[in-house]
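Take a look at the structure set out below.
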Amino acid sequence: MTKKADIGSKRLISRDPQAWSRWVTGLSDVQALDTLSSEFQWVSRESDVLIKVHSPEHGPFLLLNELQLHYSSRMPRRMTAYAALRRERYNLPVFPSLINILPPKSAKSIPDHYESSFLGLVARQDYKTINLWEVEAEKVFREGLSGLLPFVPVLKDGGSEAVVQRAVQELRRDPQLEEFEPLLAFFAGFVLELPLVQEIMRWDMTVLRESPWYEQILQEGEQKGIQEGLQAGDPRRDPTGCCEYA
Numbered sequence: 020m021t022k023k024a025d026i027g028s029k030r031l032i033s034r035d036p037q038a039w040s041r042w043v044t045g046l047s048d049v050q051a052l053d054t055l056s057s058e059f060q061w062v063s064r065e066s067d068v069l070i071k072v073h074s075p076e077h078g079p080f081l082l083l084n085e086l087q088l089h090y091s092s093r094m095p096r097r098m099t100a101y102a103a104l105r106r107e108r109y110n111l112p113v114f115p116s117l118i119n120i121l122p123p124k125s126a127k128s129i130p131d132h133y134e135s136s137f138l139g140l141v142a143r144q145d146y147k148t149i150n151l152w153e154v155e156a157e158k159v160f161r162e163g164l165s166g167l168l169p170f171v172p173v174l175k176d177g178g179s180e181a182v183v184q185r186a187v188q189e190l191r192r193d194p195q196l197e198e199f200e201p202l203l204a205f206f207a208g209f210v211l212e213l214p215l216v217q218e219i220m221r222w223d224m225t226v227l228r229e230s231p232w233y234e235q236i237l238q239e240g241e242q243k244g245i246q247e248g249l250q251a252g253d254p255r256r257d258p259t260g261c262c263e264y265a
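This note's numbering numbers the first residue of the sequence shown as 20 and each following residue consecutively.
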């Protein structure tokens, strides 16, 4: 049975896994075959999405998508473990990708690999790192990347009222995407004033509390102040459940 906290990223990407896979890998001819289970008997993952894809040049392989609201220094080691588990279970090559949604509070380099050395033995795992604040918002509209629409306000050049309104309109074109409006409202709260967000989104706290993200918001909030922010109706203090705090 799917947990409520699982619904965010998995539902978002599964709307158009092929477009998502082509964007992440940079391969225009890759075909998405299936969305696979990313859970194990001893490990439950709620923030990653595993897609089986096929490339005419590279054959079948797994695309591992790990979404993080904030980057953590523990992620390189975790990405190594996640990739190894999937590779062993499905006996296919793995293309791991780490998608960071919000920039770090202080300037720091975000690595794209894990490497360790012990007694002369070296282990290394590369993975693709995508920082959403470096992705052009216009690219989402131009390439029809519906899975990125809720993140438009925090993308590069995506924080203006006009661009946010455009993202809302795109979400509302598809009834299946309307459920992600609370997610877009949350990220819009980082760049626009609350009254304007409410005006654009017709945003209501009741909608958020009934959404799949609310439970995980309370469980994985940033230390203190999150629940008070929710109760006060402030989306700028409200982390989503589409991804994970590391």
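Even for Gly, the Cβ is constructed at its ideal location relative to N, Cα and C.
- Spatial neighbours of L81 within its chain, please: CB distance less than 8 Å, with the 5 preceding and 5 following residues excluded, ordered by chain position. Your numbering for residue 81 matches position 62 in the sequence shown. The answer, listed in chain order, is L55, L69, I70, K71, V72, R105, R106, Y109, L111, P112, V113 and F114.
- Message: Using the three-state DSSP reduction, which class does V68 fall into: helix, strand or coil?
- Response: What you label residue 68 is simply residue 49 of the sequence shown in a count that begins at 1. It is a strand residue.
- Task: Assuming G166 and D53 form a contact by the criterion Cβ under 8 Å, report the distance between their Cβ atoms to the nearest whole angstrom.
- Result: Indexing the sequence shown from 1 puts residue 166 at position 147. Indexing the sequence shown from 1 puts residue 53 at position 34. The pair is not a contact, with the Cβ atoms about 17 Å apart (cut-off 8 Å).
- Message: Rounding to the nearest angstrom, what Cα-Cα distance links V171 and M220 in this structure?
- Response: Taking the sequence shown and counting its residues from 1, the one referred to as residue 171 is at position 152. Taking the sequence shown and counting its residues from 1, the one referred to as residue 220 is at position 201. Spanning the two alpha carbons is a distance of roughly 14 Å.
- Item | Secondary structure of P112, DSSP reduced to three states | For the purposes of this step, residue 112 is identified with residue 93 of the sequence shown, where counting begins at 1. If DSSP states are grouped into helix, strand and coil, P112 belongs with coil.
- Same chain, Cβ closer than 6 Å to L46, five either side skipped, listed in chain order: If you number the sequence shown from 1, residue 46 lands on position 27. So the list reads S74, once near-sequence residues are dropped.
- Please name the residue in L31, D67, L164 and W42 whose C-alpha comes closest to that of R97. Position 78 of the sequence shown, counting from 1, holds the residue named residue 97. Ranking L31, D67, L164 and W42 by Cα distance to R97 puts D67 first.
- Task: Find out if the Cβ-Cβ distance for the pair L168, A156 is shorter than 7 Å.
- Result: Within the sequence shown, the letter at position 149 stands for residue 168. Within the sequence shown, the letter at position 137 stands for residue 156. No, the pair does not count as a contact, with Cβ atoms beyond the cut-off.
- Message: Between the alpha carbons of S91 and A102, how many angstroms are there, rounded?
- Response: For this step, residue 91 is matched to residue 72 along the sequence shown. For this step, residue 102 is matched to residue 83 along the sequence shown. Taking the straight line joining both Cα atoms gives about 17 Å.
- Message: Taking the straight line between their C-alpha atoms, what separation do you get for E218 and P122?
- Response: Here residue 218 refers to the residue found at position 199 of the sequence shown. Here residue 122 refers to the residue found at position 103 of the sequence shown. Between E218 and P122, the C-alpha separation is close to 26 Å.
- Bridge partners - I80, DSSP secondary structure assignment: The sequence position of residue 80 within the sequence shown is 61, counting from 1. Here residue 80 turns out to be Phe, not Ile, going by the sequence shown. In the DSSP output, where bridge partners are listed per residue, F80 has V72.
- Query: Cα-Cα, which of A181, E198, L196 and Q188 is closest to V210?
  - Reply: Within the sequence shown, residue 210 is the residue found at index 191, counting from 1. Of A181, E198, L196 and Q188, the residue nearest in Cα terms is A181.
- Task: Taking K127 as the reference, give the member of K29, P201 and H89 with the closest Cα.
- Result: Here residue 127 is taken as the residue at index 108 of the sequence shown, counted from 1. Out of K29, P201 and H89, H89 has the C-alpha closest to the C-alpha of K127.
- Item | According to DSSP, residues forming a beta bridge with Y133 | By 1-based counting over the sequence shown, the position of residue 133 is 114. Per DSSP, the beta bridge partners of Y133 are Q144.
- Run through DSSP, which three-state label would Q184 get? Your numbering for residue 184 matches position 165 in the sequence shown. In this structure, Q184 counts as helix in the three-state DSSP scheme.
- Item | Contact under 7 Å by Cβ, T148 with D131 | On the sequence shown, position 129 is the one that residue 148 refers to. On the sequence shown, position 112 is the one that residue 131 refers to. The Cβ-Cβ distance between T148 and D131 falls below 7 Å.
- Task: Return the bridge partner residues of T54 from the DSSP annotation.
- Result: Reading the sequence shown from its first residue, position 35 is the one you call residue 54. BP columns for T54 point to I70.
- First and last residue of the uninterrupted alpha helix (DSSP H) at R41: Translated into positions along the sequence shown, residue 41 becomes position 22. Note, R41: alpha helix (DSSP H), P36 to T44.
- Spell out the partners DSSP gives K175 in its beta bridges. Numbered from its first residue, the sequence shown carries residue 175 at position 156. E155.
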